[in-house]
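Q: Once you've had a glance at the structure underneath, I'll fire off some questions.
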Amino acid sequence: MRMVDLIEKKRDGHELTNTEINFIVTGYTNGEIPDYQMSALAMAIFFQDMTNEEIANLTLAMANSGEIIDLSAIHGIKVDKHSTGGVGDTTTIVLAPLVAAVGVPVAKMSGRGLGHTGGTIDKLEAIPGFNVEISNEEFIEFVNRDKVAVIGQSGDLAPADKKLYALRDVTGTVDSIPLIASSIMSKKIAAGADAIVLDVTTGDGAFMKNQKDAERLAKTMVQIGKLANRQTMAIISDMSQPLGLAIGNSLEIKEAIDALNGNGPADLMEMVYVLGSQMVVLAKKAENLADARTMLEEAIVSGAAIQKFKEMVQNQGGDSTVIDHPEKLPQAEYQIVLPAKEAGVISKMVADQLGIAAMLLGAGRRTKEDQIDFSVGLMLHKKVGDKVAIGEPLVTVYANSEEIEEVKNKIYASITVAENAEEPILIHQIITE
Ligand code: URA
Ligand code: CA
Numbered sequence: 234m235r236m237v238d239l240i241e242k243k244r245d246g247h248e249l250t251n252t253e254i255n256f257i258v259t260g261y262t263n264g265e266i267p268d269y270q271m272s273a274l275a276m277a278i279f280f281q282d283m284t285n286e287e288i289a290n291l292t293l294a295m296a297n298s299g300e301i302i303d304l305s306a307i308h309g310i311k312v313d314k315h316s317t318g319g320v321g322d323t324t325t326i327v328l329a330p331l332v333a334a335v336g337v338p339v340a341k342m343s344g345r346g347l348g349h350t351g352g353t354i355d356k357l358e359a360i361p362g363f364n365v366e367i368s369n370e371e372f373i374e375f376v377n378r379d380k381v382a383v384i385g386q387s388g389d390l391a392p393a394d395k396k397l398y399a400l401r402d403v404t405g406t407v408d409s410i411p412l413i414a415s416s417i418m419s420k421k422i423a424a425g426a427d428a429i430v431l432d433v434t435t436g437d438g439a440f441m442k443n444q445k446d447a448e449r450l451a452k453t454m455v456q457i458g459k460l461a462n463r464q465t466m467a468i469i470s471d472m473s474q475p476l477g478l479a480i481g482n483s484l485e486i487k488e489a490i491d492a493l494n495g496n497g498p499a500d501l502m503e504m505v506y507v508l509g510s511q512m513v514v515l516a517k518k519a520e521n522l523a524d525a526r527t528m529l530e531e532a533i534v535s536g537a538a539i540q541k542f543k544e545m546v547q548n549q550g551g552d553s554t555v556i557d558h559p560e561k562l563p564q565a566e567y568q569i570v571l572p573a574k575e576a577g578v579i580s581k582m583v584a585d586q587l588g589i590a591a592m593l594l595g596a597g598r599r600t601k602e603d604q605i606d607f608s609v610g611l612m613l614h615k616k617v618g619d620k621v622a623i624g625e626p627l628v629t630v631y632a633n634s635e636e637i638e639e640v641k642n643k644i645y646a647s648i649t650v651a652e653n654a655e656e657p658i659l660i661h662q663i664i665t666e
């Protein structure tokens, strides 16, 4: 088999066989197929698309290119959760201890943030001492004993995807549904959970700018999960405005603590309950979504959820006293309030632009090598649909410098005040097998 023939085959719109896809993935992983041929193939896929069967084969080939984590030593049905990325998305940090508190084992591998999107692992590292690199043995021990651990993705998980994703990043081939679906699902399958709950975000802050694409991505991933014998469901959620009120690492840990104490912002709590109920049902800890939701609400009211978060932080070496004293989290030197310049109703808060504003303060990475400043970020005082008067606080900027002109301009430019606004929809659709 020759790579050039396979590139031409895809370029001309034909379907690649499983044998051909395995040849490509194996050859690319071990370096026999060079980047220039792989980028030509990625571009051919971008334009010609793939069938569901090709996507499933590509996913499994990439999952099998490295370590497949064996979670069978953990009792019960392990449910993983994945979001395709957002701004201020604090969901996982609330969900992991919350669903663990009702008995669902959560063995979660999360990623770091890049660009305007934040990563769960970075946020957890805002807690002094929190270690995201524990051994596989400890990981399994913690989940068996306390039902929860959240760690960084292991280096050898789907190495084919790691290489291909980096290549796509610099060859204009990221925005391809077959490539995104196979990339995400290869890592989820290799991470070893029995069931997978996907949050496919749509809107300005997301990969999928419109709902039609989000729906196709979600359906494709659910289909792949089914073929790989993992029960999979997806929700399509709105990421046109940030989720919750906090954007930034310390600020989002504080937001997660508030949420676990029953004081979370409404949209964040709704996401948590919708995703969490699905996880509880998939793990067979409740018979239906309504019962699952009641269990989760009770775990917050009783204090079981926040207690679980303390255990998780302690297990992983973190200072759990921050949970009762969030002021011990890294704090920014300056808090600068940006007042509204116009009266009306907030009609737009562009998520990716606000994510970039937080990144410019140091809350995120421009490049993979950047260091994160945990203390900085934004607190929104308003969300889409809220009324605002002139002079009322719109956003508080948490910064370690008073020179924030660029950030300030970006924030004002990303918020629109109008006479009225469309009611924001948080969850567009739920997709099951
Ligand atoms: N996230 C991934 O892991 N892969 C993609 O291709 C896009 C988003
Ligand atoms: Ca948030």
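The numbering of the sequence shown is the numbering used here, which starts it at 234 and goes up by one.
Virtual Cβ for every residue (Gly too), placed ideally from N, Cα, C.
In whole angstroms, what separates the C-alpha of residue 624 from that of residue 567?
A: One C-alpha to the other measures close to 20 Å.
Q: Could you check how far apart the C-beta atoms of residue 320 and residue 480 are, in whole angstroms? I think they sit under 8 Å.
A: Contact holds; Cβ gap of about 6 Å.
Q: Helix, strand or coil for residue 211, going by three-state DSSP, please let me know.
A: With the chain represented from 234 up to 666, any question about residue 211 goes unanswered, as that position is not in the structure.
Q: Answer with buried or exposed for residue 482, where buried requires no fewer than 16 other C-beta atoms within 10 angstroms of its C-beta.
A: buried
Q: In whole angstroms, give me the CA-to-CA distance for residue 638 and residue 513.
A: 46 Å
Q: Does the structure place the segment 416-436 close enough to the segment 506-524 that three or more beta carbon pairs sit under 8 Å?
A: yes
Q: Short of 8 Å in beta carbon distance, which residues of its chain neighbour residue 325, apart from the five on each side in sequence? Order them along the chain.
A: 314, 316, 341, 343, 353, 383
Q: With distances taken Cα to Cα, identify the nearest neighbour of residue 667 among 412, 571, 655.
A: Nothing can be reported for residue 667, as the shown portion of the chain is limited to 234 through 666.
Q: With DSSP run on the structure shown, which of helix, strand or coil describes residue 616?
A: Residue 616 carries a coil assignment under DSSP once its states are collapsed to helix, strand and coil.
Q: What does a CB cutoff of less than 8 Å around residue 379 pick up in its chain, not counting 5 residues either side in sequence?
A: 333, 541, 544, 545, 548
Q: List the whole-angstrom C-beta distance separating residue 398 from residue 409, where the pair is believed to meet the contact cut-off of C-beta under 8 Å.
A: About 12 Å separates the two Cβ atoms, so there is no contact after all.
Q: Of the choices 422, 474, 444, whose alpha-carbon is the least far from that of residue 463?
A: 422
Q: Provide the residue(s) that pair with residue 634 in DSSP beta bridges, ordered along the chain.
A: Per DSSP, none; premise fails for residue 634.
Q: Any idea which residues DSSP pairs residue 315 with across the strands?
A: 431
Q: Tell whether a beta-carbon distance below 9 Å holds between residue 348 and residue 589.
A: yes
Q: To which residues of the same chain is residue 441 closer than 8 Å at the C-beta, ignoring the five residues directly before and after it?
A: So the list reads 317, 433, 434, 435, 447, 450, once near-sequence residues are dropped.
Q: Between which two residues does the alpha helix (DSSP H) holding residue 234 run?
A: For residue 234, no alpha helix (DSSP H) run applies, since DSSP gives it neither H nor E.
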